[in-house]
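Protein chains in written order, with the numbering used here: chain A, 1 to 290; chain V, 1 to 391. Structure first, commentary second.
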């Protein structure tokens with residue numbers, strides 16, 4: 001029973017890291033980036049390539065996935081995304097989904113379309129069990145690792161946005177780019193950094209998730225729905241909203257599959273529809289917020 | 001005047017052209033090979049095509065005075081695309097045989113076209129039992145899931161496994177596997193205490209496996225399409241189910257030769273039942289594996305490759321038997337009842353059901369020369385598809 005909760009939390013944490021970048025670009029920068037999953041996929045493939053072809057240790061792969069995908073995000077922001085900021089939202093959606101399809105086709109061409117396997121290091125592949133019977137808690141070490149890492153990331157992100165000068169600049173730049181620019185804030189650089197960090201997080205999520213979510217070229221499309229659920233249910237005005245939404249989604253998904261296997265993934269969508277009917281603006285949106 | 005001569009000359013040439021091409025056509029024998037070359041099932045397409053091409057390379061491009069022409073089309077595993085491609089192949093390219101078909105819906109979508117045009121449809125991969133009943137022109141050279149599932153259900157009770165939970169992907173072949181495994185196991189005195197169906201696209205098996213663990217059976221029977229097998233295996237280990245005394249038994253799709261080596265040592269000792277292993281100890285198979293590797297950068301053939309290889313054998317032999325004359329019906333008649341040795345062992349095409357009859361092997365994953373292989377340790381001879389033998 002508790003094991004199910006544990007698995008659900010790990011799954012939710014993973015979804016949060018994957019989707020938080022989208023929440024940032026959507027909520028703070030008002031840009032609908034449906035190609036977000038492509039960055040996650042890039043992180044996954046970087047990890048697989050580094051580990052299998054070059055024998056780089058797993059933890060370094062995670063770091064490199066974050067950094068390299070962040071750089072890729074920065075490059076694309078500068079060249080492709082920036083001209084799209086001022087365009088209508090429909091254009092943004094079409095542009096970014098086109099980008100996602102190109103990523104799918106590109107990876108298919110260069111890497112082949114089969115599932116990629118990640119070999120975890122020994123120390124992450126074990127399992128610890130506490131108690132027994134219905135109250136037994138079985139913790140896969142890898143899932144525990146994901147929970148700890150993602151919790152730490154959340155705290156860092158929250159502090160970064162609410163307590164640092166960069167965070168306040170970002171919020172100012174989003175509220176009114178022209179006034180912010182007039183106050184001497186370099187809006188372009190702020191957006192560039194934000195986008196890069198958001199993509200980098202997606203890359204990290206993809207690298208972490210390759211083991212649990214699977215990794216093949218259709219990844220961006222397969223999980224796009226989940227990212228969008230996290231963002232729409234959680235609202236985009238804070239970090240905690242998407243976090244709660246991701247946890248809820250993760251636990252509901254895992255528990256649903258455990259207790260009512262025949263319904264499978266159906267439960268998640270039902271839950272989302274109900275929540276959005278009840279609170280169309282998202283569960284955790286502050287009233288009067290942007 | 002001149003113009004008229006020119007016109008009639010062109011008309012003459014134009015009229016003679018079709019007959020020329022008809023002449024050329026009668027000297028070629030066209031095989032339309034429809035496979036998923038991109039998308040989820042691409043590894044199936046790659047393996048089948050490599051098997052087909054290897055057979056052609058080994059047995060020559062000309063049979064009974066006809067030049068074999070292979071036309072490969074990619075259906076990306078979408079049945080409506082398969083149907084359109086099959087139509088084009090029959091109507092425009094005038095193929096003599098349709099072949100390939102990575103997944104069940106593709107094979108079924110083509111069935112009406114095969115019936116209407118009286119073109120033999122050689123199914124080289126798809127494995128749902130009912131496929132061969134969809135058209136009298138379908139011949140199968142792969143396998144059926146009931147065929148391999150019942151073998152495992154026969155083996156399990158003899159080896160201390162009586163309480164089983166089944167876990168299958170929720171689509172045609174999965175439901176076939178579940179049904180026939182359960183029936184046979186119950187017949188043999190065993191018990192299926194729960195049957196779980198997972199969505200086809202669901203790599204996170206954690207909640208399902210946790211449920212299995214809590215139900216604590218002797219063994220977990222798994223069928224998932226090749227590709228998802230690695231994920232099941234890993235999560236099975238991660239959950240410590242082996243230590244809790246639950247054994248993993250599966251159809252050979254889970255330990256697909258194409259991917260087995262990447263699965264790591266966790267796969268060691270897993271018992272599966274299937275009709276082909278790259279480690280099958282026959283002289284013919286050793287030659288086949290070596291030639292296949294040499295032609296494909298060291299790739300290991302899997303059961304899909306063998307399906308393609310044997311499919312070509314069936315087509316070649318039918319062509320020889322009909323001496324290159326005769327249409328679809330004659331070819332079909334010559335395909336029925338063929339008996340021959342395949343790299344997987346002796347097989348034959350049942351004349352009544354047009355389905356394959358073959359040995360099903362029980363195998364255990366072992367390390368041979370530093371690589372993981374499915375090593376065969378028992379065999380059930382000449383297994384007919386139980387989906388039909390009941391009728």
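Ideal placement from N, C-alpha and C gives every residue a C-beta, glycine not left out.
- Taking each of V/84, V/94 and V/93 in turn and checking the Cα distance to residue 108 of chain V, the smallest one comes out for V/84.
- Two segments are said to touch when three or more pairs of C-beta atoms, one from each, lie closer than 8 Å; by this definition the segment 229-238 of chain A does not touch the segment 56-76 of chain A.
- Separation of residue 213 of chain A and residue 222 of chain A (C-alpha to C-alpha, rounded to the nearest whole angstrom) is 10 Å.
- Residue 127 of chain A is bridged by DSSP to A/140.
- Using a Cβ-Cβ distance cut-off of 8 Å, the segment 51-63 of chain A and the segment 185-201 of chain A are not in contact, since fewer than three pairs of beta carbons, one from each stretch, lie closer than that value.
- Counting the other CB atoms within 10 Å of its CB gives residue 128 of chain A a total below 16, which places it among the exposed residues.
- Residue burial annotation: residue 102 of chain V is buried, with at least 16 other C-beta atoms found within 10 angstroms of its C-beta.
- The C-alpha of residue 100 of chain V is placed about 10 Å away from the C-alpha of residue 73 of chain V.
- Around the Cβ of residue 158 of chain V, a 10 Å sphere holds fewer than 16 other Cβ atoms; the residue is exposed.
- One alpha carbon belongs to residue 224 of chain V, the other to residue 45 of chain A, and they sit about 24 Å apart.
- The segment 91-161 of chain V contains, as complete beta strand (DSSP E) runs of 3+ residues, the segments 97-100, 121-123 and 138-140 (chain order).
- Residue ranges of uninterrupted alpha helix (DSSP H) with 4 or more members, entirely inside the segment 151-177 of chain A and ordered along the chain, are 165-175.
- Taken through DSSP and simplified to helix, strand or coil, residue 380 of chain V comes out as strand.
- The C-beta distance from residue 305 of chain V to residue 50 of chain V rounds to 6 Å, short enough to fall under 8 Å.
- By DSSP's assignment, residue 63 of chain V forms a beta bridge with V/66.
- Separation of residue 138 of chain A and residue 209 of chain V (C-alpha to C-alpha, rounded to the nearest whole angstrom) is 12 Å.
- With a threshold of 16 other beta carbon atoms within 10 Å, residue 155 of chain V meets it and is buried.
- Each of V/359, V/363 and V/354 was checked against the Cα of residue 132 of chain V, and the nearest Cα belongs to V/354.
- Annotation for residue 342 of chain V: 310 place their beta carbon closer than 6 Å to its own, counting only its chain and skipping 5 residues before and after.
- According to the DSSP assignment, residue 270 of chain A belongs to the alpha helix (DSSP H) that extends over 266-278.
- With a cutoff of 8 Å on beta-carbon distance, residue 165 of chain V and residue 194 of chain V are scored as near each other.
- Pairing residue 188 of chain V with residue 153 of chain V gives a Cβ-Cβ distance under 8 Å.
- Around residue 196 of chain V, the beta-carbon contacts reaching into chain A at under 8 Å are 261.
- Chain-order list of chain V residues neighbouring residue 176 of chain A: empty, with the shortest C-beta distance near 42 Å, by a criterion of under 7 Å.
- In the DSSP annotation of this structure, the continuous segment of the beta strand (DSSP E) that includes residue 366 of chain V starts and ends at 356-368.
- Separation of the CB atoms of residue 387 of chain V and residue 129 of chain V is rounded to 3 Å, and the pair is thereby assigned contact status at 8 Å.
- With the rule of 3 Cβ pairs closer than 8 Å, the segment 8-17 of chain A counts as touching the segment 242-254 of chain A.
- Within 10 angstroms of the beta-carbon of residue 131 of chain A lie fewer than 16 other beta-carbons, which makes it exposed.
- In this structure, the beta-carbon distance from residue 1 of chain A to residue 191 of chain A does not fall below 8 Å.
- A direct Cα-to-Cα measurement between residue 277 of chain A and residue 154 of chain A gives close to 28 Å.
- Under the DSSP assignment, residue 272 of chain V falls in the beta strand (DSSP E) whose first and last residues are 271-274.
- Listed by position along chain V, the residues whose Cβ is nearer than 8 Å to that of residue 3 of chain A are 210.
- Distance from the CA of residue 49 of chain A to the CA of residue 117 of chain V, rounded to the nearest whole angstrom, comes to 48 Å.
- DSSP, read as helix, strand or coil, puts residue 166 of chain V in strand.
- Comparing alpha-carbon positions, the option among V/182, V/312 and V/151 lying closest to residue 60 of chain V turns out to be V/312.
- Within the model, the alpha-carbon separation for residue 347 of chain V versus residue 383 of chain V is close to 10 Å.
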